[in-house]
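Colleague: As you go down the protein sequences, you meet chains A and B in turn. Counting in my numbering, the first sequence runs from 3 upward without gaps. Counting in my numbering, the second sequence runs from 73 upward without gaps. The structure that follows is given in the form of structure tokens.
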Amino acid sequence: MMKINPVLQKEMKIRMRGWRSAGMIGIYLVFMALTASFIMIMSRESYYRVTFDPELALGSYTGLAIMQFVLISFISPALTTGAISGEREKQTLDLLLCTRMTPLSIVTGKLFASISQIILLIIASLPIFSIVFLFGGISIKELLELFGFFIIIAITYGSIGIFYSSYFKRTTAANVLAYGTIAFLCFGTIFLTIFYIGIVYNYDYRGFFPLLYINPIIGFSFMLWEQFSGGSINLFPGLFMGTGISTYNISPWIVNLVFNIVLSILLIFLSANKINPLRIRRRTLFSSSKKSLNNIQYKKTKR
Amino acid sequence: MLKINGLTKSYGIFTAVDGLDLNVPKGEIYGFVGPNGAGKTTTMKIICGLLPADKGQVSVAGIDVIKDVRKAKELIGYMPDFFGVYDNLKVTEYLDFYASIYNLNPRDRKRICDDLLELVDLQDKRDAYVDSLSRGMKQRLCLARSLVHNPELLVLDEPASGMDPRARVEMKEILRTLKDLGKTIMISSHILPELAELCTSIGIIDRGKIVISGTVDEIMQQVYSKRFIKVRIRGNMEEAVKVMKESPLITNINKGDNFIEAGFEGNEEEMAMLLKELVTRDIPVISFGQMDGNLEDVFMKVTKGDEA
Chain A
3 MMKINPVLQK
13 EMKIRMRGWR
23 SAGMIGIYLV
33 FMALTASFIM
43 IMSRESYYRV
53 TFDPELALGS
63 YTGLAIMQFV
73 LISFISPALT
83 TGAISGEREK
93 QTLDLLLCTR
103 MTPLSIVTGK
113 LFASISQIIL
123 LIIASLPIFS
133 IVFLFGGISI
143 KELLELFGFF
153 IIIAITYGSI
163 GIFYSSYFKR
173 TTAANVLAYG
183 TIAFLCFGTI
193 FLTIFYIGIV
203 YNYDYRGFFP
213 LLYINPIIGF
223 SFMLWEQFSG
233 GSINLFPGLF
243 MGTGISTYNI
253 SPWIVNLVFN
263 IVLSILLIFL
273 SANKINPLRI
283 RRRTLFSSSK
293 KSLNNIQYKK
303 TKR
Chain B
73 MLKINGLTKS
83 YGIFTAVDGL
93 DLNVPKGEIY
103 GFVGPNGAGK
113 TTTMKIICGL
123 LPADKGQVSV
133 AGIDVIKDVR
143 KAKELIGYMP
153 DFFGVYDNLK
163 VTEYLDFYAS
173 IYNLNPRDRK
183 RICDDLLELV
193 DLQDKRDAYV
203 DSLSRGMKQR
213 LCLARSLVHN
223 PELLVLDEPA
233 SGMDPRARVE
243 MKEILRTLKD
253 LGKTIMISSH
263 ILPELAELCT
273 SIGIIDRGKI
283 VISGTVDEIM
293 QQVYSKRFIK
303 VRIRGNMEEA
313 VKVMKESPLI
323 TNINKGDNFI
333 EAGFEGNEEE
343 MAMLLKELVT
353 RDIPVISFGQ
363 MDGNLEDVFM
373 KVTKGDEA
């Protein structure tokens, strides 16, 4: 029989109990439904057209995808920033660590409990998302690509949240830093790119600036762009979008996904190491190197 | 069952545990006593694999805690000096969660949880939410939690702190039952009378070192070479003090309202002679007897801490 991680099992039980989870699903669906209604109102003009309108299909799909991306970006870190610091605040972390559970299984149990909630939100929004099929032009492959991207993004943002949660005692501090890091990845990289290109290339840069590979918004935009467009556009210096004259060999959204996966694995291991009470502390290493430094100095003076 | 050799742990320049040696045989209730900051919790956390040691060896049932911590954790049940409970979880779910960590199948988990709830007398609260329990109940539940995997060694850090007298008595009863079940228990406290009647042996720790260790009687003998007597009298106090001072065996007389306490460096026959002398000299003696060992005095004598 497959054994479910006990922390994941317990977290899912606690999270699904009470009104909070139902409330979150409700609010999420309200936002998605409002977006869908907005698209419907906008499309009323072309309602009686018999012919296929590719612009409308693209508009509804993009609108719902963007709304889902924004919601997941806000919800994922919020679900994990209290994961470890909350255990510390409730004084239950030591109780978990003195059992036979490894720190890694505690961290992954916590993270996947949050991811399962995000998956639940995505599944709950499927009936609303199916509106895009009214207009046609969207294949299952594209939808799967989109949902796969969302899950990876949720894991990445969740890992960022859990990383700060294990390094900081207070959930508030973990929250601020997690959203700060996500804001840096989403917007900070764009500002840095423009700033750098402005100074070094005097804004004369045609192509895709490498720093933008780590930007989730750019990755997400590229995925949508490649799903629908064959055109090319230079949005701002350093961000050339298009499939024609490109300066990249692999699609930026694929690179972004790989970066997100690697970053998530790294953060999960760092978090597990941080909560491991028997880890080799840097301070110990530092103090031992300090001791050997003192010995060297002592030998020198002795000589 | 538990062996500690030369255990050392420092936090920066502060040495919390300083070359500590300890041996707790199987089936003992070992009282680990010391003032606040003496190193009790640090030692217990190292035993449970919650803190790395700087030096020394710790073994539980022959398993090296430092080298094979995961295996050792299966033999240890740890109850810290705080509750650590989740909101939104019922009593049975709380126990079931910890039991599931130890790979027990659901049917066994249910039976173990029922048995443990009976042991700690919380059967009536099985469907109550954990955060709705009283302090004493939470403490008993935490004790049950530390027993879900049937550990051989129980490490209890200040289990009676903040409990009312009834809850303390109940906790003692549970610990006696566990002793009868063959568990080895290490229990820490900074309040000695709490442990004196419960423990089979006691170790007093101060500034990271065991200053004295053994059974309560052994400790008393090591610290005091003399007996203490208490004489309750009804009036004629001055005369009684005078009679006692005349005896060369009496030291350190302490006068109360209607009693006298004093050190006595003689045997039982000489004690009887002293009583006879008091009665012959018309002192109205109500009671005359040897005082029980006052461990708190021992504690104050052997430790140099600021608080006790």
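We put the beta carbon where it would ideally sit given N, CA and C, even for glycine.
(1) Express the C-alpha separation of A:Q11 and B:K145 in angstroms, rounding to a whole number.
(2) Can you name, in chain order, every residue of its own chain whose Cβ lies under 6 Å from the Cβ of B:L226, other than the five neighbours on each side?
(3) Within a Cβ cutoff of 6 Å, which residues of the same chain sit near B:R306, ignoring the five residues on either side of it in sequence?
(4) Going by beta-carbon coordinates alone, are B:A171 and B:R179 separated by less than 8 Å?
(5) Report yes or no: do three or more beta-carbon pairs, one from the segment 182–197 of chain B and one from the segment 130–141 of chain B, lie closer than 8 Å?
(6) So, at 6 Å on beta carbons, what are the nonlocal neighbours of B:D229 in its own chain, with the 5 sequence-adjacent residues on each side left out?
(7) Any chance you could list the alpha helix (DSSP H) runs of at least 4 consecutive residues sitting entirely within the segment 156–225 of chain B, in chain order?
(8) Under DSSP, the alpha helix (DSSP H) around A:F271 begins and ends at which residues?
(9) Between A:M69 and A:T37, which are expected to be in contact by the criterion C-beta below 8 Å, what is the C-beta distance as a whole number of angstroms?
(10) Cα separation between A:G246 and A:F210?
(11) Which same chain residues, not among the five before or five after B:R304, have their C-beta less than 7 Å away from its C-beta?
(12) Which value, in whole angstroms, describes the spacing of the CA atoms of B:N77 and B:G91?
(13) Please list, in chain order, all residues of the same chain as A:R90 whose beta carbon is under 7 Å from its beta carbon, the five residues on each side excluded.
(14) I want to verify the contact list: residues of chain B whose CB lies under 7 Å from the CB of A:M103, in sequence order.
(15) If you measure from the beta carbon of A:G20 to each beta carbon in chain B, is any gap under 8 Å?
(16) Quick check: is the beta carbon of A:Q93 nearer than 8 Å to any beta carbon in chain B?
(17) Just the chain B side, please: which residues come within less than 9 Å of A:I162 by C-beta, in chain order?
(18) Exposed or buried, which one is B:D252 when buried takes at least 16 other CB atoms within 10 Å?
(19) Tell me whether the segment 95–102 of chain A and the segment 263–274 of chain A touch, counting them as touching only if at least three CB pairs, one residue from each stretch, are closer than 8 Å.
(20) So, does the CB of A:I86 fall closer than 8 Å to a CB anywhere in chain B?
(21) Would you say A:L122 faces chain B, with C-beta separation under 8 Å as the test?
(22) DSSP three-state label for A:G209, please.
(23) For A:N217, count the other beta carbons within 10 Å of its own beta carbon; 16 or more makes it buried, fewer makes it exposed. Which is it?
(24) Using a C-beta to C-beta distance shorter than 8 Å, which residues of chain A count as neighbours of B:F154?
(25) At 9 Å on the CB atoms, spell out the chain A contacts of B:E224, in chain order.
(26) Taking C-alpha atoms, which residue in B:G111, B:L270 and B:P237 lies nearest to B:A88?
(27) Check this for me: beta carbons of A:K92 and B:Y158, under 8 Å apart or not?
(28) Using 8 Å as the threshold, is the C-beta distance between A:P279 and A:A180 below it?
(29) Once you ignore the five residues that flank A:Y30 on each side, which residues in its own chain have a CB closer than 8 Å to its CB?
(30) Using a beta-carbon distance below 8 Å, is A:L113 in contact with chain B?
(31) Please go through the same chain and pick out, in chain order, the residues whose beta-carbon is closer than 6 Å to the beta-carbon of B:L350, but skip the five residues on each side of it.
(32) Three-state secondary structure (DSSP) at A:Y203?
(33) Do A:L66 and A:F114 have their beta-carbon atoms positioned less than 8 Å apart in this structure?
(34) Just verifying my parser: in three-state terms, what is the DSSP assignment at B:S82?
(35) For B:D93, which of B:S206, B:E341, B:I101 and B:K75 has the nearest alpha-carbon?
(36) Between the C-alpha atoms of A:F261 and A:I154, what's the straight-line distance to the nearest angstrom?
Modeller: Put simply:
(1) Taking the first residue of the second sequence as 1, we reach residue 145 of chain B at position 73. Taking the first residue of the first sequence as 1, we reach residue 11 of chain A at position 9. Each residue's Cα considered, the two are about 22 Å apart.
(2) The residue labelled residue 226 of chain B in the question sits at position 154 within the second sequence. Here the set comprises G149, K255 and I257.
(3) On the second sequence, position 234 is the one that residue 306 of chain B refers to. So the list reads P356 and I358, once near-sequence residues are dropped.
(4) To locate residue 171 of chain B, count along the second sequence from 1; it is residue 99. To locate residue 179 of chain B, count along the second sequence from 1; it is residue 107. For B:A171 and B:R179, no; Cβs fall outside 8 Å.
(5) Touching, no.
(6) Taking the second sequence and counting its residues from 1, one reaches residue 229 of chain B at position 157. Excluding positions up to five away in sequence, the list reads T113, M116, P152, D153 and S260.
(7) 163–173, 178–191 and 207–218
(8) Walking along the first sequence from the start, residue 271 of chain A turns up at place 269. Its alpha helix (DSSP H) spans residues P254 to I277.
(9) As a working note, residue 69 of chain A is residue 67 in the first sequence. As a working note, residue 37 of chain A is residue 35 in the first sequence. That pair is a contact at about 4 Å.
(10) Here residue 246 of chain A corresponds to residue number 244 of the first sequence, with the count starting at 1. Here residue 210 of chain A corresponds to residue number 208 of the first sequence, with the count starting at 1. Note on A:G246: pLDDT 47, under 50, position unreliable in the model; the coordinate value appears next. Taking the straight line joining both Cα atoms gives about 13 Å.
(11) Here residue 304 of chain B is taken as the residue at index 232 of the second sequence, counted from 1. Once the five neighbours on either side are set aside, the close Cβ partners of B:R304 are N330, F331, I358 and S359.
(12) Your numbering for residue 77 of chain B matches position 5 in the second sequence. Your numbering for residue 91 of chain B matches position 19 in the second sequence. Approximately 7 Å, taken between the alpha carbons.
(13) By 1-based counting over the first sequence, the position of residue 90 of chain A is 88. K171.
(14) Walking along the first sequence from the start, residue 103 of chain A turns up at place 101. Simply I173.
(15) Residue 20 of chain A sits at position 18 when you count from the first residue of the first sequence. At least one chain B Cβ lies under 8 Å of A:G20.
(16) The residue labelled residue 93 of chain A in the question sits at position 91 within the first sequence. Taking Cβ atoms only, chain B reaches closer than 8 Å to A:Q93, which makes this a yes.
(17) If you number the first sequence from 1, residue 162 of chain A lands on position 160. For A:I162, none of the residues of chain B pass the 9 Å Cβ criterion, the least Cβ distance being about 24 Å.
(18) Stepping through the second sequence from its first residue, residue 252 of chain B is reached at position 180. With fewer than 16 Cβ atoms within 10 Å of its Cβ, B:D252 is classed as exposed.
(19) no
(20) By one-based count along the first sequence, residue 86 of chain A stands at place 84. Cβ-Cβ to chain B under 8 Å: no for A:I86.
(21) By 1-based counting over the first sequence, the position of residue 122 of chain A is 120. Chain B, which has no Cβ nearer than 8 Å to the Cβ of A:L122, makes this no.
(22) Within the first sequence, the letter at position 207 stands for residue 209 of chain A. Annotated three-state conformation of A:G209 is coil, per DSSP.
(23) To locate residue 217 of chain A, count along the first sequence from 1; it is residue 215. Counting Cβ neighbours within 10 Å, A:N217 comes out buried, since at least 16 surround it.
(24) Mapped onto the second sequence, residue 154 of chain B falls at position 82. Q93, listed in chain order.
(25) Within the second sequence, residue 224 of chain B is the residue found at index 152, counting from 1. Within chain A, no residue comes near B:E224; the closest Cβ sits about 15 Å away, beyond 9 Å.
(26) In the second sequence, counting from the first residue as 1, residue 88 of chain B sits at position 16. Measuring from the Cα of B:A88, the nearest candidate turns out to be B:G111.
(27) Working through the first sequence from its first residue, we reach residue 92 of chain A at position 90. Working through the second sequence from its first residue, we reach residue 158 of chain B at position 86. Against a cut-off of 8 Å, the Cβ pair of B:Y158 and A:K92 comes out as a contact.
(28) Locating residue 279 of chain A in the first sequence gives position 277, counting from the first residue. Locating residue 180 of chain A in the first sequence gives position 178, counting from the first residue. No, Cβ-Cβ distance for A:P279 and A:A180 is not below 8 Å.
(29) To locate residue 30 of chain A, count along the first sequence from 1; it is residue 28. Sequence-distant Cβ neighbours of A:Y30 in its own chain, meaning closer than 8 Å and more than five residues away, are L73, I77, L123, A126 and S127.
(30) Position 111 of the first sequence, counting from 1, holds the residue named residue 113 of chain A. By this cut-off, A:L113 is not an interface position.
(31) The residue you call residue 350 of chain B lines up with position 278 of the second sequence. Here the set comprises V315 and V357.
(32) As a position in the first sequence, residue 203 of chain A is number 201, starting the count at 1. A:Y203 falls in the coil class under three-state DSSP.
(33) Taking the first sequence and counting its residues from 1, one reaches residue 114 of chain A at position 112. Taking the first sequence and counting its residues from 1, one reaches residue 66 of chain A at position 64. No, these two residues do not count as a Cβ contact at 8 Å.
(34) Working through the second sequence from its first residue, we reach residue 82 of chain B at position 10. In the structure shown, B:S82 sits in a strand (DSSP, three-state: E or B).
(35) Counting from one through the second sequence, the residue named residue 93 of chain B turns up at place 21. For B:D93, the nearest C-alpha among the options comes from B:K75.
(36) Along the first sequence, read from residue 1 onward, the residue named residue 261 of chain A stands at position 259. Along the first sequence, read from residue 1 onward, the residue named residue 154 of chain A stands at position 152. Each residue's alpha carbon lies about 10 Å from the other.
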